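Counting from 0, one number per residue, gives the positions in the sequence shown under numbering that gives the first Met the number 0. For glycine and all other residues, C-beta sits at the position ideal for the given N, C-alpha and C. Please read these numbers as outputs of a predicted model, since none were measured by experiment.
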Amino acid sequence: MCIPISDVTMIDWLKRQVQVIEAWREEIATRAEIDIAEVERVERHYQWLTSEVNRLENYGHLRAVQAA
């Protein structure tokens, strides 16, 4: 079953997830013993999700411009 949500709601939720990952990055960076593999995985996920949010925001902006 698919629950329809607005693009704005979805993008806002994704932005909150980026903030959670930012906090996670900060937390693992301050550990006494740093697991480089974990840092790299979190960083890749952060970069990917940030890129996707930007892409979705740009897509939404383009759709709004085209509709006008």
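Bounding residues of the alpha helix (DSSP H) (the contiguous stretch that carries residue i)
i: ASP6; result: 6–28
Distance between beta carbons of residue j and residue i, contact taken as under 8 Å
i: ILE27; j: VAL7; result: About 31 Å; that fails the 8 Å criterion.
i: LEU48; j: ILE10; result: Rounded, the Cβ-Cβ distance is 11 Å, inconsistent with contact.
Residue i burial status per 10 Å Cβ neighbour count (16 or more: buried)
i: GLN16; result: exposed
Beta-carbon spacing of residue i, residue j below 8 Å
i: ARG24; j: TYR45; result: yes
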